[in-house]
Structure formats: C-alpha cells, structure tokens
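Enquirer: The structure's right below; bear with me while I get my questions together.
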Amino acid sequence: MTKSAFATHEVFNQSPPFEDVDLFTSDRPLVEAVKAFGGGASEKELGDFGRHWGSAAMAARGRAANENTPKLRAFDARGNRRDEIEFHPAYHELMAHSAHAGVHNSTWTVEGKPAGAAAEVQRAARFYMAAQVETGHLCPITMTRASVAALASEPGLLARTMPVIATKSYDPSFAPWWTKRGMTLGMGMTEKQGGTDVRANMTRAVRAGDGYRITGHKWFMSAPMCDAFLVLAQADPGLTCFFMPRFAPDGSVNAIQFQRLKDKLGNRSNASSEVEFVGAYAQPVGEEGKGIRTIIQMVQLTRQDCAIASAGLMRSGLAHALHHARHRSVFQKHLADQPLMQAVLSDMALHVEASIALVMRLCQAFDRTPEDAGEAAYMRLLTPAIKYWVCKSAPPFLYEAMECLGGNGYVEEGILARHYRESPVNAIWEGSGNVMCLDVLRALSREADAALAILRQLSEETQGLPGADETVSLIGKAFRRSDSERVARLAVGKLALLAAAAALNKVSPHHAELFAATRLAATHASMYGTVDLAPSDVRALLERALP
Ligand SMILES: Cc1cc2nc3c(=O)[nH]c(=O)nc-3n(C[C@H](O)[C@H](O)[C@H](O)COP(=O)(O)OP(=O)(O)OC[C@H]3O[C@@H](n4cnc5c(N)ncnc54)[C@H](O)[C@@H]3O)c2cc1C
583 MTKSAFATHE
593 VFNQSPPFED
603 VDLFTSDRPL
613 VEAVKAFGGG
623 ASEKELGDFG
633 RHWGSAAMAA
643 RGRAANENTP
653 KLRAFDARGN
663 RRDEIEFHPA
673 YHELMAHSAH
683 AGVHNSTWTV
693 EGKPAGAAAE
703 VQRAARFYMA
713 AQVETGHLCP
723 ITMTRASVAA
733 LASEPGLLAR
743 TMPVIATKSY
753 DPSFAPWWTK
763 RGMTLGMGMT
773 EKQGGTDVRA
783 NMTRAVRAGD
793 GYRITGHKWF
803 MSAPMCDAFL
813 VLAQADPGLT
823 CFFMPRFAPD
833 GSVNAIQFQR
843 LKDKLGNRSN
853 ASSEVEFVGA
863 YAQPVGEEGK
873 GIRTIIQMVQ
883 LTRQDCAIAS
893 AGLMRSGLAH
903 ALHHARHRSV
913 FQKHLADQPL
923 MQAVLSDMAL
933 HVEASIALVM
943 RLCQAFDRTP
953 EDAGEAAYMR
963 LLTPAIKYWV
973 CKSAPPFLYE
983 AMECLGGNGY
993 VEEGILARHY
1003 RESPVNAIWE
1013 GSGNVMCLDV
1023 LRALSREADA
1033 ALAILRQLSE
1043 ETQGLPGADE
1053 TVSLIGKAFR
1063 RSDSERVARL
1073 AVGKLALLAA
1083 AAALNKVSPH
1093 HAELFAATRL
1103 AATHASMYGT
1113 VDLAPSDVRA
1123 LLERALP
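In terms of our numbering, the sequence shown has 823 at position 241, counting the first letter as 1, and numbering is strictly consecutive.
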C-alpha cells in the first residue's frame, strides 16, 4: 500500500511561519523613529541584530526557554542548602546573545557614566526587537543595565563592579562576581506587606565589621541567579539601599535562601523567587536612610524598558497578524484584502507607529538629560506617563492581534498566546498603573514650572493637529483640580496621547495627523477597527508596518 493511501487531506491556506525576517529593516516606523531621534548612524548594526533575532533559530530558543521553565534546587541530595536555579540551555543562549549585543550595558561607558550620543535610542531599538522574540530573559538584562544608575551613588563600588558589568560576556557560572567574565544584577524591594509602599519594608540591616548583615524576606525577587542584588532594608538611619552579592567577600556562599519560585501567568522563562535573607552580607549603596532616592535611579530605567518591551510585544503582534492576513484566504479573498480586516489592522498599525515614536522620543530625552535640563524634565514627567499608557495598552492590543489569526492565535505553538500572557506584567511591576499616575502628579507638584514648560513644548509640537489644543486645555484643567488624583488616569492618559502625537509628528507628520484625528479629536473606542481611515491611508499604514 502506498503512503498516499493514508492521506486524509492536503494542508493548504495556512500562513507560513513568520521567521527568518529582518526585524529592523522590515519595520519602517522603527527605522524612521530611530533616525528621527538621533540613532540613524547605527542602522547597519541594527540590521544585523534584526536579522539575527528574527531568525528561526532565535524563535526556537524563545519557545524552548518558555516551555522548559526554571527549577529551584533549594537543597542537594544530602539536604545541604544549594539555592540555585536551573534554566534550560535556551535561556542561557538568549542571555548570551543579548549580552553579546550589549543590551545589558551599552548605555554606559566602562566607568559607569552615560555613554551619550544616541546610546539610549540605539539600545532601545535592540531591546524592542529582542522583546519580539523573548521577554523573560530581558528581566535580568534590564535590571543589570539599570543597576548602574543606583551604583553611581557609591563610586568605589561602581569602580569595582563596572569592569565586570561592562563586558559583553554572559557568564552563568555560580561563582563570586569578581572572578567572572560578566555579571548580572537584580533588585529586591517588594515584601509581603507591600510592594508600592516600600517604606513598610521590615527587612533589617545590622552593621557587622566592614559590612552589614541583613535579615528578612522579599516576596518577589526575580532573576535569582543574578550575581548581586540591590536590596532595600531598614538600617538605623532608615530605609537604605544595599548591594547584596551571591557570595560574601570571603568567597563563601551568601545567606540568601530561596523559598519558592512563583507560578506566574506569563514571563515563564524568567524565575521570580520568594527569598529569605538569614544574616546575609551586604554593603550600603548611597546615603543611609535615603534608600528610595538611591534605588529610584534604577527604577526610572526599568520603567523606561517596560514601555519599550510592551511596544515590542505589540509590534510582534501586529507583524504576525499582518503576515497571517496576507496569506490566509476566507471567501476566496485574502484577509488582508477584506475591508473590515484592513480597518482593524491599519488602526493597530497606527497605534504601534505612535508607540514606537513615543518610546524613542523618551529614549532621546534619556540620551540628552545629562546636558539638557529641559530634556531631564521631559524624562521625569513623561517616563511614568509613557509607562502607564504604552504598557496598559498592550494586553488588549495583543488580544486583538491573536484574534486576527483566528483559532491559531490562541494556540501555544504560535508566539501570540505567549505574548498575550506576558503583556500585563510590564504594567504591574516597577510601579503599577495608579502608581504611575500618582508619580506624574508628584512631578507636577514638585517641579511645577518644569512640568508646565513641557506641556507648553508639547502644545507647540502638536500645533495644528486635530484635537491638540483641546487636549492641552483638558490636561491643564485636570491637573489644576484640587481633587486631581480622582481624574489622574484621564489626564495622564491624555498627556501620553499628546506626547505620542508630538513624537509621531517628528517621524511622520501625516501619520501624526491621523493619530490626532482618531485619538485626540475623538475618543478612541476600546476596540480596534472602529476608526474611518481613507483607503490610501490604510494601504500606506500596512505597507509601512510590513512590506
Ligand atoms: C512577575 C513579577 C516579578 C516581580 N519581580 C520583582 C523583583 O524582582 N523585585 C521586586 O522588588 N519586586 C518584584 N515584583 C513586585 C512588583 O514590583 C510589585 O508587585 C508591584 O510593585 C506592586 O506591588 P504590590 O504587589 O505590593 O501591590 P500593592 O502595592 O498592594 O498595589 C496594589 C494595587 O494598588 C494600587 N495602588 C497602590 N497605591 C495606590 C494609591 N495610593 N492609590 C491608588 N491605587 C494605589 C497599585 O497601582 C496596584 O494596582 C514582581 C512582580 C511580578 C508580578
């Protein structure tokens, strides 16, 4: 009997895998945003990165790292404490590829100073592309890069750690950081009784010899195989930031005892631990009693990365949806040629165009902050607003992207189910939605003149765009209200939309016009595809999104 006699059907009308694509050059809004905000000189390197990260091999690593989740090995076979996490080799490979491209350190010089020029914009483009493939491993990557901002408060420690942080090597060996080819850093702030209100931290620090001994717990401490953590604990002068390495200076394993790994909705390749410190060695970072002021330097950068990663997840959702729609026929016509599907996809494309323009504009502000007070004010006011708006828009966006693939979108073999499960976390950690809105209000009250100047600047940059004047006035009125906290979500959302229109105006004025007409002059419906764009605009948006 021949093999074909068993064939029940022919497989056709399924889209081919969306792999072996150049994640950079196939994304015109990204290419243009990088250029508009100063990073154009790195187009070649970004193209190399985009081809590599868009390869089928990297997609396979992302899948394997999430299907084979990390395991806590708290004890060895004889009952001795081990406190190690085992990861699938694919996780280590992803870490190595990101480290090799400097995603964990390229915004710093080897001395730990801001690298300047367009280092933030260029690194953000890499982070954005990597997030389209695998986001779990980006947790230690982002924390390592951000930790340098807090370590800067302790110049001696910065000088000792920077030579190891600044290499492009990933060294997963469980060994003292000062003996390694490269190192990663995490952070421990959240305790059972409070993550937002870290002043309620109960973990205690007691001076002992040259350092401190820390006793207490953390309810969430991600990437537990990092070589060191920046940890908040109560010292005599108050809440203080500490550098807690996995190995004490004498080379012994530090008293960091992992209790469990969290069983999480998404972010599964990354381990997030519950941990106890049993008199663990640590040394203070920055002024004692001013721990929040020190660690917030780090948190500001991880918030920036949350927005970049969420924009990357949405880009991936859009690209997969568009790719599928161009190959899948329903009623003898490709989905991409059906007017209603075009309405959905083009509206989504407009959202992604604005999101990438906005995060790149923010990164430009980070690049310019050391020399420009105006840009520092932009960064201070807009980081929480942009984290709020971009991160919170990702889950409904990815749900819609999944639906564009029909049933295939909902199945784990595709990447969209993973992206969807991943997407809420960027809004929750590093300051949840309401906390971001309160942070904008804080910036407004503490630096009112600078914040007002930013609002004026955004007003000028959106001059003539539909609905811009009304939005500026609404924001001003809401923030002036004595009960501004009650309307903070409304005002912060509008502030982010205005900033997005201003950023997009620098990249593609026509698309800024479309964005403003559908998001500033009108309230955008909670569903995509409900705006009435001209057929030529629909075509252009989709062609820009994916040629
Ligand atoms: C996967 C994962 C990994 C994590 N990894 C780490 C880590 O490595 N290190 C670490 O330190 N933490 C980590 N966290 C913890 C995370 O940062 C906290 O969960 C987060 O900051 C929220 O704190 P909480 O859970 O205590 O919630 P709460 O602080 O209790 O907040 C609950 C809700 O109340 C809202 N809220 C808070 N204050 C106000 C207010 N004044 N007005 C109105 N609303 C308010 C918040 O926006 C939130 O929606 C992780 C969390 C997750 C999910």
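Backbone N, C-alpha and C fix where the C-beta goes; we use that ideal spot for every residue, glycine too. Note that this is a predicted model, so its numbers are computed, not measured.
Got a sec: does ligand 1 put a non-hydrogen atom nearer than 6 Å to the Cβ of Ile1010?
Expert: Counting from 1 along the sequence shown, the entry for residue 1010 is found at position 428. Yes; taking the cut-off as 6 Å, the Cβ of Ile1010 has a heavy atom of ligand 1 nearer than that.
Enquirer: Should Asn648 be listed as close to ligand 1, given that the test is whether its C-beta is under 6 Å from any heavy atom?
Expert: Position 66 of the sequence shown, counting from 1, holds the residue named residue 648. No; taking the cut-off as 6 Å, the Cβ of Asn648 has no heavy atom of ligand 1 nearer than that.
Enquirer: Does DSSP put Cys808 in a helix, in a strand, or in coil?
Expert: In the sequence shown, the residue the question calls residue 808 occupies position 226. Reduced to three states, the DSSP call for Cys808 is coil.
Enquirer: Which runs of the beta strand (DSSP E), 3 residues or longer, sit entirely within the stretch 833-912?
Expert: For the stretch 833-912, whole beta strand (DSSP E) runs of length 3 or above, ordered along the chain, are 838-843 and 854-867.
Enquirer: Let me confirm a value: Leu847 is counted as buried when at least 16 other C-beta atoms fall within 10 Å, else exposed. Which label applies?
Expert: Indexing the sequence shown from 1 puts residue 847 at position 265. The residue is exposed, with fewer than 16 neighbouring Cβ atoms inside 10 Å.
Enquirer: Residue ranges of each alpha helix (DSSP H) run of no fewer than 4 residues wholly in the stretch 1048-1079, ordered along the chain?
Expert: Taking only runs of at least 4 residues, the alpha helix (DSSP H) segments lying wholly in the stretch 1048-1079 are 1050-1062.
Enquirer: Helix, strand or coil: how does DSSP classify Val593 here?
Expert: Counting from one through the sequence shown, the residue named residue 593 turns up at place 11. Here Val593 sits in coil by DSSP.
Enquirer: Going by beta-carbon coordinates alone, are Val703 and Val616 separated by less than 7 Å?
Expert: For the purposes of this step, residue 703 is identified with residue 121 of the sequence shown, where counting begins at 1. For the purposes of this step, residue 616 is identified with residue 34 of the sequence shown, where counting begins at 1. Closer than 7 Å, so yes.
Enquirer: Run the CB neighbour count on Ser834, radius 10 Å, all protein chains shown included, and call it buried at 16 or more, exposed below.
Expert: Sequence index remark: in the sequence shown, residue 834 carries index 252 (1-based). So Ser834 ends up on the exposed side.
Enquirer: Is the beta carbon of Thr876 less than 7 Å from the beta carbon of Ala1073?
Expert: Here residue 876 is taken as the residue at index 294 of the sequence shown, counted from 1. Here residue 1073 is taken as the residue at index 491 of the sequence shown, counted from 1. In this structure, Ala1073 does not lie closer than 7 Å to Thr876 by Cβ.
Enquirer: Specify the secondary structure class of Leu813 as computed by DSSP and reduced to three states.
Expert: For the purposes of this step, residue 813 is taken as residue 231 along the sequence shown, with counting starting at 1. The amino acid at residue 813 is misidentified as Leu; the sequence shows Val. The answer is strand: DSSP assigns Val813 an E or B state.
Enquirer: Under the three-state reduction of DSSP, which class applies to Leu1115: helix, strand or coil?
Expert: Counting from 1 along the sequence shown, the entry for residue 1115 is found at position 533. Leu1115: coil per DSSP, three-state reduction.
Enquirer: Tell me the DSSP secondary structure of Arg763 in three-state form.
Expert: Within the sequence shown, the letter at position 181 stands for residue 763. In this structure, Arg763 counts as coil in the three-state DSSP scheme.
Enquirer: According to DSSP, Ala790 sits in a beta bridge with which residue or residues?
Expert: Along the sequence shown, one-based indexing puts residue 790 at 208. Note: Ala790 sits in a beta bridge opposite Gly793.
Enquirer: What separation, rounded to the nearest whole angstrom, lies between the Cα atoms of Ala830 and Ser729?
Expert: Here the question's residue 830 lines up with position 248 in the sequence shown. Here the question's residue 729 lines up with position 147 in the sequence shown. Using only the alpha carbons, I get a separation of about 19 Å.
Enquirer: Considering only heavy atoms of ligand 1, does any lie closer than 6 Å to the CB of Val1074?
Expert: If you number the sequence shown from 1, residue 1074 lands on position 492. Incorrect: Val1074 has no Cβ contact closer than 6 Å to ligand 1.
Enquirer: Excluding the 5 residues flanking Ser624 on each side, which residues of the same chain have their C-beta closer than 8 Å to its C-beta?
Expert: As a position in the sequence shown, residue 624 is number 42, starting the count at 1. Closer than 8 Å at the Cβ level, and outside the excluded window around Ser624, lie Val616, Ala700, Gln704 and Ala707.
Enquirer: What is the DSSP secondary structure of Arg725, reduced to helix, strand or coil?
Expert: Residue 725 sits at position 143 when you count from the first residue of the sequence shown. Before going further, note that residue 725 is Met rather than Arg in the sequence given. The answer is helix: DSSP assigns Met725 an H, G or I state.
Enquirer: For Met765, verify whether its CB is less than 6 Å away from any heavy atom of ligand 1.
Expert: As a position in the sequence shown, residue 765 is number 183, starting the count at 1. No, since every heavy atom of ligand 1 falls outside the 6 Å radius drawn around the Cβ of Met765.
Enquirer: Along the alpha helix (DSSP H) that carries Ala656, what are the first and last residues, could you check?
Expert: One-based indexing of the sequence shown puts residue 656 at position 74. First-last for Ala656: Lys653 to Phe657, but that is the beta strand (DSSP E), not the alpha helix (DSSP H).
Enquirer: Measure the alpha-carbon distance for Asp1114 versus Val912 and round it to whole angstroms.
Expert: As a working note, residue 1114 is residue 532 in the sequence shown. As a working note, residue 912 is residue 330 in the sequence shown. Their Cα atoms are separated by approximately 23 Å.
Enquirer: Beta carbon of Gly770: closer than 6 Å to some heavy atom of ligand 1?
Expert: Along the sequence shown, read from residue 1 onward, the residue named residue 770 stands at position 188. Yes; taking the cut-off as 6 Å, the Cβ of Gly770 has a heavy atom of ligand 1 nearer than that.
Enquirer: Taking the alpha carbon of Asp832 as the point to measure from, which residue in Leu1124, Ile878 and Trp759 has its own alpha carbon closest?
Expert: Here the question's residue 832 lines up with position 250 in the sequence shown. Per the Cα distances, Trp759.
Enquirer: Can you tell me the Cα-Cα spacing of Ser1118 and Ala748, whole angstroms?
Expert: Indexing the sequence shown from 1 puts residue 1118 at position 536. Indexing the sequence shown from 1 puts residue 748 at position 166. Cα to Cα, the separation comes out at about 48 Å.
Enquirer: I'd like to confirm the pairing. Which residues does DSSP put opposite Phe631 in its beta bridges?
Expert: Stepping through the sequence shown from its first residue, residue 631 is reached at position 49. Paired residue(s): none; Phe631 is not in a bridge.
Enquirer: Which residue marks the beginning of the alpha helix (DSSP H) containing Ala921, and which one marks its end?
Expert: For the purposes of this step, residue 921 is taken as the residue at position 339 of the sequence shown. Per the sequence shown, residue 921 should be read as Pro rather than Ala. Taken as a continuous stretch (DSSP letters only), the alpha helix (DSSP H) holding Pro921 covers Pro921 to Arg950.
Enquirer: According to DSSP, is Leu1102 part of a helix, a strand, or is it coil?
Expert: Stepping through the sequence shown from its first residue, residue 1102 is reached at position 520. In the structure shown, Leu1102 sits in coil (DSSP, three-state: anything other than H, G, I, E or B).
Enquirer: So is the beta-carbon of Ser1005 under 6 Å away from any non-hydrogen atom of ligand 1?
Expert: Here residue 1005 corresponds to residue number 423 of the sequence shown, with the count starting at 1. Every heavy atom of ligand 1 is 6 Å or more from the Cβ of Ser1005, so no.
Enquirer: Following a CB-centred definition, is Phe825 positioned closer than 6 Å to any heavy atom of ligand 1?
Expert: Counting from one through the sequence shown, the residue named residue 825 turns up at place 243. Incorrect: Phe825 has no Cβ contact closer than 6 Å to ligand 1.
Enquirer: Using DSSP with H/G/I as helix, E/B as strand and the rest coil, what is Thr822?
Expert: Counted from its first residue, the sequence shown places residue 822 at position 240. In this structure, Thr822 counts as strand in the three-state DSSP scheme.
Enquirer: In whole angstroms, give me the CA-to-CA distance for Gly894 and Ala712.
Expert: Your numbering for residue 894 matches position 312 in the sequence shown. Your numbering for residue 712 matches position 130 in the sequence shown. Answer to the nearest angstrom: the Cα atoms are 8 Å apart.
Enquirer: Could you compute how far the alpha carbon of Leu720 sits from the alpha carbon of Glu994?
Expert: Numbered from its first residue, the sequence shown carries residue 720 at position 138. Numbered from its first residue, the sequence shown carries residue 994 at position 412. Each residue's Cα considered, the two are about 21 Å apart.
Enquirer: Quick one: what does DSSP say Phe588 is sitting in, helix, strand or coil?
Expert: In the sequence shown, the residue the question calls residue 588 occupies position 6. Helix.
Enquirer: Does DSSP put Gly995 in a helix, a strand or coil?
Expert: Taking the sequence shown and counting its residues from 1, the one referred to as residue 995 is at position 413. The residue you asked about is not Gly; residue 995 is Glu in the sequence shown. Coil, per DSSP.
Enquirer: Return the chain-ordered list of same chain residues with a C-beta closer than 6 Å to the C-beta of Thr778, the five sequence neighbours on each side being excluded.
Expert: By 1-based counting over the sequence shown, the position of residue 778 is 196. Answer for Thr778: Val1017, listed in chain order.
Enquirer: With C-beta atoms as the reference, is Pro1091 less than 7 Å away from Asp1021?
Expert: Along the sequence shown, read from residue 1 onward, the residue named residue 1091 stands at position 509. Along the sequence shown, read from residue 1 onward, the residue named residue 1021 stands at position 439. Result no, Cβ atoms of Pro1091 and Asp1021 do not sit closer than 7 Å.
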